[in-house]
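J.: The sequence shown begins at 0 in my numbering and counts up one residue at a time.
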Amino acid sequence: MPVTINTPLTLQSGLTFPNRLVKAAMTEGLADPRNRVTDAHSTLYRRWAEGRAGGLITGNVQIDRQHLERVGNVVIDASAGDHEIGLLSRWVAAAKSKGAAFIMQVSHAGRQTPKLVNPRPAAPSPVALGLPGGQFGEPRAMTQDEIRLVVEGFGRATRLAKQAGFDGVQVHAAHGYLLSSFLSPLANRREDDWGGPLENRARLLADCVREAKIQGGAAFSVSVKLNSADFQKGGFSHHDCLMVIGMLNGLGVDFVEISGGNYEQPRMMDMDGLEPSFEEPKHSSTREREAYFLSYAKSVQDRASMPLMVTGGFRTLAGMNAAVATGEADLIGIGRPLCVDTATPKKLLSGEIEAADRWESRLRIGPGIFGPNSPIKLIKALNGFGAQGWYYEQIRLLAADKPADPELGVLQAFLAHQRRETSGAKAWRAAMP
Ligand SMILES: Cc1cc2nc3c(=O)[nH]c(=O)nc-3n(C[C@H](O)[C@H](O)[C@H](O)COP(=O)(O)O)c2cc1C
0 MPVTINTPLT LQSGLTFPNR LVKAAMTEGL ADPRNRVTDA HSTLYRRWAE
50 GRAGGLITGN VQIDRQHLER VGNVVIDASA GDHEIGLLSR WVAAAKSKGA
100 AFIMQVSHAG RQTPKLVNPR PAAPSPVALG LPGGQFGEPR AMTQDEIRLV
150 VEGFGRATRL AKQAGFDGVQ VHAAHGYLLS SFLSPLANRR EDDWGGPLEN
200 RARLLADCVR EAKIQGGAAF SVSVKLNSAD FQKGGFSHHD CLMVIGMLNG
250 LGVDFVEISG GNYEQPRMMD MDGLEPSFEE PKHSSTRERE AYFLSYAKSV
300 QDRASMPLMV TGGFRTLAGM NAAVATGEAD LIGIGRPLCV DTATPKKLLS
350 GEIEAADRWE SRLRIGPGIF GPNSPIKLIK ALNGFGAQGW YYEQIRLLAA
400 DKPADPELGV LQAFLAHQRR ETSGAKAWRA AMP
């Protein structure tokens with residue numbers, strides 16, 4: 000019998016995904032001003048659970064309140080106690096109500112922390128993001144003690160996630176956040192044990208995984224989200240990625256999710272970045288054009304001893320089934336379609352639909368030079384942030400138990416999101432102990 004998206008998968012930890020479709024991590028922005036889980040998380044994940052994906056991965060949960068990707072992130076830091084475990088348990092109950100595996104993505108935003116949260120974010124080295132718009136501050140180099148606290152933080156989050164009933168944690172080492180920036184020779188210019196050769200640049204990721212494994216134990220799933228490449232000249236390359244996979248093979252990692260890019264080069268959304276493209280994916284087949292990291296996943300698959308989840312662009316039933324049948328991917332990550340139609344996995348699994356919607360192809364601030372391919376950098380960036388804001392607004396509607404609104408304008412969504420982030424940041428600062 001060929002493997003299809005309906006075939007269950009059991010991992011080394013013993014965790015079983017009832018099918019191969021996994022809701023990829025998507026930041027919810029729904030935490031209260033003290034970065035705690037709210038009822039809105041439960042409403043949202045109950046709806047995603049009803050969509051019947053075999054696995055649900057949370058949006059990034061941060062280990063440090065000064066390093067958020069958004070003010071509405073959930074945080075598990077040293078102040079978390081029984082009360083937070085109680086709130087997390089309610090989230091777990093909703094997400095697991097229909098049998099999906101539920102995994103917490105754990106992260107530290109590093110230099111991609113917005114200025115609204117922290118104008119001087121901690122990073123491997125003082126290398127600022129090359130982005131227009133002034134949304135991000137000047138990073139400062141972390142001390143060795145601060146780096147050790149990050150390892151502790153990943154361990155703490157794992158321990159609490161386990162206590163609250165999560166099935167696993169995913170260490171976020173992709174998309175330019177702290178662990179990903181340590182991997183990058185462009186962002187990491189350190190000359191100590193945490194920088195230089197890949198072995199040093201990957202030390203923080205390896206230590207965080209080891210600590211999570213210690214805190215979670217053998218029967219708790221610890222996975223990693225990793226870039227196939229950063230797609231920047233002189234950045235984390237595909238060769239580096241293959242070497243890191245080799246290191247992770249020996250650490251008991253349950254599965255690896257393959258993605259790519261960062262804020263400067265947002266390849267995870269298949270959007271043109273702001274710098275000249277580098278190490279372009281060579282899309283030789285229709286399937287690889289659809290799932291844009293699939294060509295990379297093949298070489299990762301040859302190196303990896305653990306199963307692979309591949310995320311980015313999967314929309315057609317045929318493309319998903321072919322990827323799992325050929326073994327190029329063991330799990331299929333799906334993100335954006337679930338922001339509008341939460342029942343997408345169920346419809347794909349039953350064959351009711353041949354493909355999920357491709358909203359991304361229609362999201363633009365305007366036509367021509369006002370579109371995503373504008374030669375004007377700021378407009379191009381605005382289209383990217385605008386589309387992102389559109390998905391955030393859809394998630395807010397779902398979490399309020401309302402229907403999504405596909406007619407929402409991109410500019411309107413972007414402005415609404417910006418207003419919410421600014422007022423959210425005020426409330427967040429006021430709640431600071
Ligand atoms: C609204 C939104 C929020 C996201 N937040 C996260 C996140 O918190 N962590 C993460 O690793 N990726 C995040 N991503 C990226 C997705 O996990 C995924 O890699 C990307 O959307 C490509 O998959 P897709 O083509 O199926 O949407 C986010 C994407 C979207 C659209």
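We put the beta carbon where it would ideally sit given N, CA and C, even for glycine.
1) State the Cα-Cα distance for the pair Ser276 and Leu337, rounded to the nearest angstrom.
2) Under the three-state reduction of DSSP, which class applies to Pro344: helix, strand or coil?
3) Under three-state DSSP, which class holds Glu325?
4) For ligand 1, is there a heavy atom less than 7 Å away from the beta-carbon of Gln104?
5) Within the 8 Å Cβ cut-off, does Leu407 reach chain D?
6) Consult DSSP for Ala100 and reduce its assignment to one of helix, strand or coil.
7) Tell whether a beta-carbon distance below 8 Å holds between Gly54 and Ile102.
8) Any heavy atom of ligand 1 closer than 7 Å to the CB of Gln411?
9) Where do the N-terminal and C-terminal ends of the alpha helix (DSSP H) with Gly85 fall, by residue?
10) Roughly how many whole angstroms lie between the Cα atoms of Phe313 and Met319?
11) Do Val323 and Thr3 have their C-beta atoms within less than 8 Å of each other?
12) Measure how close the beta-carbons of Asn59 and Ser106 come, nearest whole angstrom, since I'm counting them as under 8 Å.
13) Can you tell me where the beta strand (DSSP E) with Lys224 in it begins and where it stops?
14) I'd like to check one pair, Ala23 with Ile333: are the Cβ atoms closer than 8 Å?
15) Along the chain, where does the beta strand (DSSP E) containing Thr310 start, and where does it finish?
16) At a cut-off of 7 Å, is Ala173 close to ligand 1 when judged by its beta-carbon and the heavy atoms of the ligand?
17) Kindly examine ligand 1 and report whether one of its heavy atoms sits closer than 7 Å to the Cβ of Thr285.
18) For Gln169, which three-state DSSP category applies?
19) What number of angstroms, rounded off, separates the C-alpha of Lys97 from the C-alpha of Met25?
20) Take Ala52 as the anchor and find which of Thr15, Ser360, Asp400, Val255 has the nearest alpha-carbon.
21) Once you ignore the five residues that flank Arg202 on each side, which residues in its own chain have a CB closer than 7 Å to its CB?
22) Jot down the residue ranges of each uninterrupted beta strand (DSSP E) in the stretch 12-62, minimum 3 residues, whole runs only, in chain order.
23) Glu256 bridges to which residues according to DSSP?
24) Can you grab the Cα-Cα spacing for the pair Arg139 / Asn18, in whole Å?
25) Under the DSSP definition of a beta bridge, which residues are partnered with Val126?
26) Here's the rule: buried if 16 or more other CB atoms are within 10 angstroms of the residue's CB, otherwise exposed. What is Arg147?
27) Use the C-beta contact count for Asn449: other C-beta atoms within 10 angstroms, 16 or more gives buried, fewer gives exposed.
28) Going along the chain, which residues of its own chain have a beta-carbon closer than 8 Å to the beta-carbon of Pro402, five neighbours each way excluded?
29) For my contact list, Val252 and Met305 are in at a C-beta cut-off of 8 Å; report their separation, rounded to the angstrom.
30) Any residue with its Cβ nearer than 5 Å to a heavy atom of ligand 2 should be included. What is that list in chain order?
31) Given 8 Å as the limit, is there contact between the stretch 41-51 and the stretch 71-81, that is, 3 or more CB pairs closer than that?
32) At what residues does the beta strand (DSSP E) containing Ile375 begin and finish?
33) Are at least three pairs of beta-carbons, each pair with one atom in the stretch 256-270 and one in the stretch 215-228, less than 8 Å apart?
34) Return the first residue and the last residue of the beta strand (DSSP E) that Gly332 is part of.
35) Quick one, which of Arg64, Gln214, Thr37, Tyr390 has its alpha-carbon nearest Gly85's?
36) In the DSSP output, what is Arg139 paired with across the bridge?
T.: In short, the structure shows the following:
1) Summary for Ser276: the model assigns pLDDT 48, below 50, so the residue's position carries little reliability; its value from the coordinates is reported in the next sentence. Distance between the alpha carbons of Ser276 and Leu337 is about 28 Å.
2) helix
3) As written in the sequence, residue 325 is Thr, which differs from the Glu given in the question. The answer is coil: DSSP assigns Thr325 none of H, G, I, E or B.
4) yes
5) Checking the listed chains, one finds no chain D in this structure; it contains a single protein chain.
6) strand
7) yes
8) no
9) 81-94
10) Taking the straight line joining both Cα atoms gives about 7 Å.
11) yes
12) 4 Å
13) 220-226
14) yes
15) 307-310
16) The beta carbon of Ala173 sits closer than 7 Å to at least one heavy atom of ligand 1.
17) Thr285: no, Cβ never under 7 Å from ligand 1.
18) strand
19) 20 Å
20) Considering only alpha carbons, the answer is Thr15.
21) The residues are Asp192, Trp193.
22) 20-22, 54-56
23) Lys224, Met308
24) 43 Å
25) Looking at the DSSP assignment, Val126 forms no beta bridge with any residue, so it has no partner.
26) exposed
27) With the chain represented from 0 up to 432, any question about residue 449 goes unanswered, as that position is not in the structure.
28) Leu396
29) 5 Å
30) Here the bound small molecules are ligand 1; ligand 2 is not part of this structure.
31) Look at the beta carbons and you see the stretch 41-51 not touching the stretch 71-81: under three pairs across the two are nearer than 8 Å.
32) That residue, Ile375, is in no beta strand (DSSP E); it is neither H nor E in DSSP.
33) yes
34) Counting along the chain, the beta strand (DSSP E) containing Gly332 begins and ends at 330-333.
35) Thr37
36) Looking at the DSSP output, Arg139 sits in a beta bridge with Ala121.
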